[in-house]
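Working notes, beginning with the structure itself.
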Amino acid sequence: MLNRRYVVALGDGAAVESVLYRGDSLCVSSQVGCAVGCPFCASGANGLARNLELDELVGQVEAVDAALADRGQGAALGVRRVTVSGVGEPLHNPAVVPFIEWCRARATPASITTSGGPLRRLRDWLGDDAPPHNGISVSIHAGTESTRARTVPRGPALDPLFELLRERVGALSGARRRKLALAYLLLADLNDDDAEIDAFLARATPLGLKIHLYRYNPVPTSNQRQTDDARYEATFERMRARGLDVRRSSQARIEDNGGCGTLVALRGRAG
1 MLNRRYVVAL GDGAAVESVL YRGDSLCVSS QVGCAVGCPF CASGANGLAR NLELDELVGQ
61 VEAVDAALAD RGQGAALGVR RVTVSGVGEP LHNPAVVPFI EWCRARATPA SITTSGGPLR
121 RLRDWLGDDA PPHNGISVSI HAGTESTRAR TVPRGPALDP LFELLRERVG ALSGARRRKL
181 ALAYLLLADL NDDDAEIDAF LARATPLGLK IHLYRYNPVP TSNQRQTDDA RYEATFERMR
241 ARGLDVRRSS QARIEDNGGC GTLVALRGRA G
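Residue numbers (full-length UniProt numbering): 1 to 271.
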């Protein structure tokens with residue numbers, strides 16, 4: 001396996017999971033639970049308990065660094081990159097901003113994955129005074145508003161989200177634009193038919209951003225099924241035919257041991 005999964009205990013008895021990809025890239029959690037309510041994701045299956053504090057965000061990196069040091073890997077293969085893509089919605093937690101600044105101070109590039117809301121905070125992250133991030137991936141998972149409401153129930157609707165993206169992408173430099181991507185998680189019989197994909201492409205193609213086409217990792221908290229290999233590849237080619245830079249899921253992203261949507265949080269005494 002390419003991943004190593006860690007349970008990080010918090011002071012109130014709660015715990016969150018982090019996962020180390022490829023030996024040096026750490027996916028950290030930003031909340032105990034999640035309020036967005038995506039039905040296919042284990043991370044928010046029990047709702048939201050609370051935001052993590054800055055020291056708890058930092059603590060995930062330090063705990064994994066310490067674990068690697070114990071294995072004799074600390075200096076050579078410590079945490080080199082961070083992504084706030086685990087349990088929780090990063091834009092719901094103001095402590096993520098100073099955490100990204102902390103990562104920069106230790107020369108560790110840090111990125112986030114977000115459902116896009118609140119839009120006022122996404123605007124800040126895409127603005128001239130944005131936190132010093134190394135990338136933002138916006139989870140879309142739909143082409144129509146009705147499907148978006150099913151896949152990302154408490155995220156922003158597509159129309160205002162794409163209106164903001166159109167406004168901001170045009171103002172970004174080429175280097176900053178390359179740090180922005182749209183994510184589409186393919187879900188059987190939910191968002192994987194041609195009409196839904198074409199509706200997504202009608203919104204996404206004018207932006208010219210990278211597309212991350214993710215495979216689904218089944219989780220015990222959901223009855224959602226994977227799209228089969230043939231459909232996944234056909235969708236990949238359909239997107240590429242529009243001239244887009246489409247990236248398939250890496251092996252690390254589809255492993256059961258910490259792949260997309262599989263991380264969980266345990267509530268503490270206050271939860």
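Just so it is clear, CB atoms sit at the ideal spot from N, CA and C, and this is done for glycine as well. Since this is a predicted model, take the numbers as computed values, not measurements.
Is the CB-CB distance between I140 and L122 below 9 angstroms?
no
For the stretch 215 to 230 and the stretch 39 to 47, state whether three or more C-beta atom pairs, one from each stretch, are separated by less than 8 angstroms.
yes
Quick one: grab the DSSP three-state call for Q226.
strand
State buried or exposed for R178, treating a residue as buried only when at least 16 other CB atoms are found within 10 Å of its CB.
exposed
So L263 packs on Y216, CB below 8 angstroms; how close in whole Å?
No, L263 and Y216 are not in contact; Cβ-Cβ is about 15 angstroms, not under 8 angstroms.
Where does H92 fall in DSSP's three states?
helix
Could you pull out every residue in the same chain whose Cβ sits closer than 7 angstroms to the Cβ of N134, ignoring the five residues on either side in sequence?
P109, A110, S111, K179
Please list the segments of the alpha helix (DSSP H) lying wholly inside the stretch 67 to 144, counting only runs of 4 or more residues, in order along the chain.
74 to 77, 96 to 105, 119 to 125
If you measure between the beta carbons of G143 and R80, is that distance less than 9 angstroms?
no
Can V7 and V87 be called in contact, C-beta distance under 9 angstroms?
no
Using 8 angstroms for Cβ pairs, my map puts V58 next to S115. What's the rounded Cβ distance?
Going by Cβ atoms, the distance from V58 to S115 rounds to 24 angstroms, so no, they are not a contact pair.
Alpha-carbon to alpha-carbon, V246 and F236
7 angstroms
Just to confirm my understanding: we take P118, look at its own chain, exclude 5 residues before and 5 after, and list those with CB closer than 7 angstroms. What are they?
L91
Just how far apart, CA to CA, sit R5 and G13?
19 angstroms
Is it buried or exposed for S137, if we count other Cβ within 10 angstroms and need 16 for buried?
buried
Contact under 9 angstroms by Cβ, A241 with H212:
no
Three-state secondary structure (DSSP) of L26
strand
Taking residue 274 as the reference, which of R238, K210, S250, P156 has the closest Cα?
One cannot answer for residue 274 here, as it falls past the ends of the chain, which runs 1 to 271.
Kindly indicate which three-state DSSP category S249 falls into: helix, strand or coil?
coil
Below 8 angstroms, is the gap between the Cβ of P131 and the nearest heavy atom of the ligand MG?
Inclusion of the ligand MG in the displayed structure is not the case, the ligand content being empty and no account of it being possible.
In angstroms, rounded to a whole number, what distance separates the CA positions of V28 and T147?
28 angstroms
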